[in-house]
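Trainee:
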Amino acid sequence: MRFEVARVVPTRTCLKRLFDLGVGIKEPSSPEPGRTRITGTEERRHQGSHIDQIRSIPCCQSPTQLRCRSPPTEMPLVMTSHRFAPKVPYDLLLIALLQIALSSGHPFTGDPLSQEQRFVNDQTLATPTITISCSEEQPTKVVEHVTNPVQQIADGQIQVHTSILPTSSLAAVLQVPDGQLQQPIPPPDGAASFTTSSTTSTILPRDLSTNVLAASITTSIPDGSLTSLSSAAVQTVSEEGPSSASGTVVTSLETSGNPSSQPFGTSVPTATSSLPLVDTGTLTDVSPTATLVVTQLSASNIFQPIATDAPPAQLQQRDDHPVPRVGIQPQVHKLQTNKFYSALFLANQSSPVFLFPYSVTWVRGGGNIGTWGLAISHIDASDYTYGDPKYDQATGYRLDAGEASRFSSPIDQPSIILSALELVNTSTERPGLTTEALEWGSVTANLFPVGWRTPIIKFPLVQGLSFITGNYSWGTPLIQSGIGFSEIKYIGAAVPNATYSYSLGLKDNTTWLMYVTPDQSLCPGYSVNSFTAVNGSNASSVQGHSQFSGLIQIAKVPVSPGGSYFDLVSLYDGAAGAYATSVNITGTVNDTTGSYSLSWTKAGTQNQSLLMFALPHHVASLSYGNQAGITPLQLQTTVKGMATAIKGDRWTLLETNLPISMGFAPWTPTAGNSETVSSTAIDAIYSAGLAELSQSPGVLSQANVGSFYYDGKALAKFAAMIYTQYDIVGNKTLAYSGLRDLKTSFAQHVNGTQKYSLVYDRAWGGAVSNASYNGGDSGIDFGNTYYNDHHFHFGYFVYTAAVIAYLEPDWLEEEGNVAWVNTLVRDYANAIVDDEYFPFSRAFDWYHGHSWATGLFDMADGKNQESSSEDCMASYAIKMWGQVVGDTNMMARGNLMLSVQARAMQMYYLYESDNDVQPSRFIGNKAAGILFENKIDHVTFFGALPQYVQGIHMIPIMPFSSFIRTPALVQQEWSAYFANTTDGTNQYIDSIQDGWRGILMANYGIADPNSCYNFFSNSSFQAQYLDGGASRTWYLAYCASLSAAQNRVEQ
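Going by UniProt numbering, the residue at position 89 of the sequence shown is 89; the numbering climbs one at a time, nothing skipped.
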């Protein structure tokens, strides 16, 4: 007998409630013999079988009680007489309902008022239907015939005709095959229409002719022909294997959103000595109140709200953004823009996602075998490719001190691909990918077959996973390889009666493990031992039995194991069936000791251990209690050495050298703050300050050039000069005379009266420059509108605000100042996950120990960051802002972030000669250049000269610099590139005649402060040696203070 049912409930809990309520389905009669489609609400009679009524009943009357993710909705269902109506078997109806085309089975639950959309263009969506064939003898067969005609606009929002709007009691999610979400939502009571999130977008029909439709592998094996394997049975694959399996190495520099501008302007303002001085007699009540030197600090929970109110009113709010949110399902928390998984929703969704140590890529019908699954890759150190050292063509000077100028790993090398036979395209449609639960350290990727039924595979992706886990729903597993299989071995039960393992040998001589954990409630008796190599697939495919629901997990056995093969396999066996779905972070600070804990939510088999990979800086800071979980299992990462597997659901990481005493003054780890300099130095610093505070144009012009980056650097320069005059020189008049213009210039930005102002972007959830809106270049202001470099840009503003507030505490009481600065901090370094307006920790990555500068730009080598020093500047800024506003948690968090950064930078970015994390052929370069997730290139986006590449990791020279950059590193770097005796002939430092000269010399003060002071105090010093974000005033004070501190320590 055959039935068709329209719009049924997709959740198992609701289904159970329907059976509890006595819902049955009756065999209908004609219009077609043995078949009818029940959609009406009137009474019907067919061949003597009586349907009492067809009505809508609530899906869930108590969503909380039933744990139903959807709100109460009404779905058309068939109610029959118990006496006459035979019920469909539970498992059959379960399959039907969970496969129905409500796309993801994740009904939209957002507030309609916050998800406004306009439904236009006369377009009708076909009612989702499903056909069920059933008999006592034949297995259930689900035949799909659902279509979703689509019209959509450029920003990814939805367009459907108002005539098909669901009723106020029906919420549904419909999606289209290219990953854009279709969200018909119930209108608010009394509302007649909706508006879109973009008033300028136009309707664009989906053009199927431009879709990449792969010639997917069609070879398959009927269930009855699959091999039943005994334990230790081996299948040898004699076919040659796929072609072109070597992968691709990106040797060029991907520059999207990264213009070739230097990090400072080329013009140097002149001094006019005409600074109007304030009358200090009027300033008797103005003096700093914040405690400069902190000796005690206690915070039991450093992740507390900065603020919870809406962004300030002067920030225009926009609902549109140039970058569409492709395939992102509705979620609770604000969207992340700079995290590891953004390739899943950018461009065509097919760039790699780097999880460390694995990477995954949605092949999207491409690759060398044409598949729609998720490819899993892992590289070994032997896979690295190295670039030869570069030479300056004009001078012949060697630009890279290391043996190699770059090292990178191949991409497009899919070792294992988790797919399903159902993931195939038609001539007009293709499978698709969506993302949900986008958090700071995790995301779930969903693969949908054509027709957008329930996702066939869900992938929870978390940094540091030991397994890549595919959660299947009624699919036919297709395990593929772009390398090719050489051997498939069924090992047997890894977890008795739960999880079963295979060994997969590839044609590159690597060995991978596959663990199969069926969901016994959904597919009892599943043939776990039936995975069979597919003949004719060119050694690329292994197929399992159909109708599989459960987990398939993939892990790699190290090429050069730290333990025996069997010991390592045993470690994987002990964790198989369990997997992490998300990660949570907590942190505490007690004086100079800080700790942060990463705890993972575990799913799957709960009595199995969770196994997660740690990076070198994790292992080095792991608390004593967690060290017992360290295992001998290690896998190479792309750019961060060896990852080590650790057992346990939670790590606690300790930093015992927090720089809590660091203030605005020059500072060193050994001497602390240093404000005392000689009288000769005071005279020199005062004279330089008087001249520089009198520059024409002054701060009002220098900090209004149409760039948040350049404006912020100029403001911070003047702030450092003004602080220096007050606390080191002791000249209150000069300090407050300069402070007057600094406050005025800062107010321009607070009030949004500069060339490009901040707007609040509701689409992604952040404060961005409006420079790239309305067709503007994405690279304007280094891509700020696209969320590039926010911590670089905004960190300078936050530091400036801290200096202003320190010198004039009443400034904090002026309307708008604190709220505006807190908005910047919330944008790049928010402390909570449930902020209504900003995501948690947009820039700083608590797994990697540093920030990522790349925003909404798709790059084959993943996220990147160039300036490690400006990353630290951003953390130093929030430490000092927290101190002046009395936010103990923010101050503690900034101190902990600096300590984590110091550890991470000294392993991954800055290389002393004994660095054992990065390749020995590369550490001679002394600094990374640009660190991507997949390569490190000793270069910058604006050039390859040593002063550029080394200097970008120095700017700005501030109190934190000596905490991140050790004297040993500074001396080694100086000797390798800038010393006058370099290569015996080249007077390199003397050849630099621009602002980089000052940066290099001030940085050298960390190792040799006397030479640094002599350079800046020399009468032959030229203003061209200063960049637009630096001053002679601060450099003199910095070097003189470090010199005095060094003398005190030596004495």
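Glycine is no exception: its CB is placed at the ideal position from the N, C-alpha and C atoms.
(1) Which term fits VAL970, buried or exposed, when burial requires 16 or more other beta carbons within 10 angstroms of its beta carbon?
(2) Which residues bound the alpha helix (DSSP H) around LEU292?
(3) Tell me which residues share the same chain as LYS718 and place their Cβ nearer than 6 Å to its Cβ, disregarding the 5 neighbours each side in the sequence.
(4) What does the alpha-carbon distance come out to for the pair THR854 and SER231?
(5) Below 7 Å CB to CB, which residues in the same chain sit around HIS378 once its five sequence neighbours on both sides are set aside?
(6) Where does GLU692 sit, in a helix, a strand or coil, going by DSSP?
(7) Looking at the unbroken beta strand (DSSP E) that takes in LYS647, where does it start and where does it end?
(8) So, at 6 Å on beta carbons, what are the nonlocal neighbours of ASN584 in its own chain, with the 5 sequence-adjacent residues on each side left out?
(9) Specify, as a first and last residue, the run of the alpha helix (DSSP H) that ASP741 falls within.
(10) Counting along the chain, where does the alpha helix (DSSP H) carrying PHE794 start and finish?
(11) Is the beta carbon of LEU1036 less than 9 Å from the beta carbon of ALA681?
(12) May I ask you to list the residues that DSSP assigns as paired with ALA375?
(13) Classify ASP1027: buried if its beta carbon has 16 or more other beta carbons within 10 angstroms, exposed otherwise.
(14) Pick helix, strand or coil for TYR472, following the three-state DSSP scheme.
(15) Once the 5 residues before and after ALA307 are set aside, which same chain residues still bring their CB inside 6 Å of it?
(16) So LYS879 and ASN895 are supposed to be a Cβ contact under 8 Å. How far apart are they, rounded?
(17) Considering only the beta carbon of each residue, do GLY795 and GLY730 sit closer than 9 Å?
(18) Can you check which of these residues, THR1033, ASP858 and ASN864, is closest to SER350 by C-alpha distance?
(19) Return the CA-CA distance between SER769 and LEU335, expressed in angstroms with no decimal places.
(20) Kindly indicate if chain D contains any beta-carbon less than 9 Å away from that of PHE922.
(21) Between the segment 503-517 and the segment 481-491, are three or more C-beta pairs nearer than 8 Å?
(22) Which residue wins for smallest C-alpha separation from THR444, given the options VAL450, VAL462, ILE780 and PRO431?
(23) Could you tell me which uninterrupted alpha helix (DSSP H) segments, each at least 4 residues in length, are contained entirely in the segment 880-935, listed from first to last along the chain?
(24) Using beta-carbon positions only, say whether SER597 and LYS647 come within less than 9 Å of one another.
(25) In terms of alpha-carbon separation, which member of SER913, VAL917, GLY943 and HIS953 lies closest to ALA928?
(26) So, is ALA1040 buried or exposed, given that buried needs 16 or more other C-beta atoms within 10 angstroms?
(27) ASP861 by DSSP, collapsed to three states: which one?
(28) Which ranges would you report for the beta strand (DSSP E) in the segment 935-973 if only whole runs of at least 3 residues count?
(29) Can you tell me whether LEU423 is helix, strand or coil according to DSSP?
(30) To the nearest whole angstrom, what separates the beta carbons of LEU253 and VAL939, a pair I think is in contact under 8 Å?
(31) Is the Cβ-Cβ distance between TYR948 and PHE978 less than 9 Å?
(32) Pick helix, strand or coil for GLY663, following the three-state DSSP scheme.
(33) Can you grab the Cα-Cα spacing for the pair GLU436 / PRO330, in whole Å?
(34) Could you pull out every residue in the same chain whose Cβ sits closer than 6 Å to the Cβ of PHE792, ignoring the five residues on either side in sequence?
(35) Which value, in whole angstroms, describes the spacing of the CA atoms of residue 1052 and LEU374?
(36) In its own chain, which residues sit with a C-beta less than 6 Å from the C-beta of ARG364, not counting the 5 before and 5 after it?
Mentor: According to the data block:
(1) As a working note, residue 970 is residue 970 in the sequence shown. VAL970 comes out buried.
(2) In the sequence shown, counting from the first residue as 1, residue 292 sits at position 292. Careful: LEU292 lies outside any alpha helix (DSSP H) and carries neither H nor E.
(3) Mapped onto the sequence shown, residue 718 falls at position 718. Inspection of the sequence shows that residue 718 is occupied by Phe rather than by Lys. Closer than 6 Å at Cβ, skipping near neighbours: VAL699 and LEU742.
(4) By one-based count along the sequence shown, residue 854 stands at place 854. By one-based count along the sequence shown, residue 231 stands at place 231. In a straight line, the C-alpha of THR854 is about 48 Å away from that of SER231.
(5) Position 378 of the sequence shown, counted from the first residue, corresponds to residue 378. Around HIS378: PRO357, TYR358, SER415, LYS556 and LEU635.
(6) Translated into the one-based positions of the sequence shown, residue 692 becomes position 692. Reduced to three states, the DSSP call for GLU692 is helix.
(7) By 1-based counting over the sequence shown, the position of residue 647 is 647. Per DSSP, LYS647 belongs to the beta strand (DSSP E) from 642-647.
(8) Taking the sequence shown and counting its residues from 1, the one referred to as residue 584 is at position 584. The answer, listed in chain order, is SER599.
(9) Numbered from its first residue, the sequence shown carries residue 741 at position 741. From DSSP, the alpha helix (DSSP H) with ASP741 extends over 732-751.
(10) On the sequence shown, position 794 is the one that residue 794 refers to. It spans 790-807 - the alpha helix (DSSP H) in which PHE794 sits, taken as one unbroken run.
(11) For this step, residue 1036 is matched to residue 1036 along the sequence shown. For this step, residue 681 is matched to residue 681 along the sequence shown. In contact: LEU1036 and ALA681 (Cβ atoms closer than 9 Å).
(12) Position 375 of the sequence shown holds residue 375. In DSSP, ALA375 forms a bridge with THR361 and ILE417.
(13) Locating residue 1027 in the sequence shown gives position 1027, counting from the first residue. Looking at its Cβ environment, which holds 16 or more other Cβ atoms inside 10 Å, ASP1027 is buried.
(14) Residue 472 sits at position 472 when you count from the first residue of the sequence shown. In the structure shown, TYR472 sits in a strand (DSSP, three-state: E or B).
(15) In the sequence shown, counting from the first residue as 1, residue 307 sits at position 307. So the list reads ASN822, once near-sequence residues are dropped.
(16) Sequence index remark: in the sequence shown, residue 879 carries index 879 (1-based). Sequence index remark: in the sequence shown, residue 895 carries index 895 (1-based). Sure, about 6 Å apart at Cβ, within 8 Å.
(17) As a first step, residue 795 must be located in the sequence shown, where it is residue number 795. As a first step, residue 730 must be located in the sequence shown, where it is residue number 730. Contact flag unset, no.
(18) Locating residue 350 in the sequence shown gives position 350, counting from the first residue. Minimum Cα distance to SER350 is reached at ASP858.
(19) Your numbering for residue 769 matches position 769 in the sequence shown. Your numbering for residue 335 matches position 335 in the sequence shown. So the two alpha carbons sit approximately 18 Å from each other.
(20) Absent from the structure: chain D. Only one protein chain is present.
(21) yes
(22) Taking the sequence shown and counting its residues from 1, one reaches residue 444 at position 444. Nearest of VAL450, VAL462, ILE780 and PRO431 to THR444, Cα basis: VAL462.
(23) 888-908
(24) For the purposes of this step, residue 597 is identified with residue 597 of the sequence shown, where counting begins at 1. For the purposes of this step, residue 647 is identified with residue 647 of the sequence shown, where counting begins at 1. Taking 9 Å as the Cβ cut-off, SER597 and LYS647 do not qualify as a contacting pair.
(25) Taking the first residue of the sequence shown as position 1, residue 928 is located at position 928. Checking every option, the nearest Cα to that of ALA928 belongs to HIS953.
(26) Locating residue 1040 in the sequence shown gives position 1040, where the first residue counts as 1. That one is buried.
(27) Stepping through the sequence shown from its first residue, residue 861 is reached at position 861. Of the three classes helix, strand and coil, the one that applies to ASP861 here is coil, per DSSP.
(28) 935-937
(29) The count along the sequence shown starts at 1 and reaches residue 423 at position 423. Coil.
(30) In the sequence shown, counting from the first residue as 1, residue 253 sits at position 253. In the sequence shown, counting from the first residue as 1, residue 939 sits at position 939. Going by Cβ atoms, the distance from LEU253 to VAL939 rounds to 6 Å, so yes, they are a contact pair.
(31) Start at 1 with the first residue of the sequence shown, and residue 948 comes out as number 948. Start at 1 with the first residue of the sequence shown, and residue 978 comes out as number 978. No, Cβ-Cβ distance for TYR948 and PHE978 is not below 9 Å.
(32) Taking the sequence shown and counting its residues from 1, the one referred to as residue 663 is at position 663. Of the three classes helix, strand and coil, the one that applies to GLY663 here is coil, per DSSP.
(33) Reading the sequence shown from its first residue, position 436 is the one you call residue 436. Reading the sequence shown from its first residue, position 330 is the one you call residue 330. If I take the Cα positions, the gap works out to 7 Å.
(34) In the sequence shown, residue 792 corresponds to position 792, counting from 1. Closer than 6 Å at the Cβ level, and outside the excluded window around PHE792, lie GLU870.
(35) Residue 1052 lies beyond the residue range present for the chain, which begins at 1 and ends at 1051; the question has no answer from this structure.
(36) The residue you call residue 364 lines up with position 364 of the sequence shown. Correct list, in chain order: SER350.
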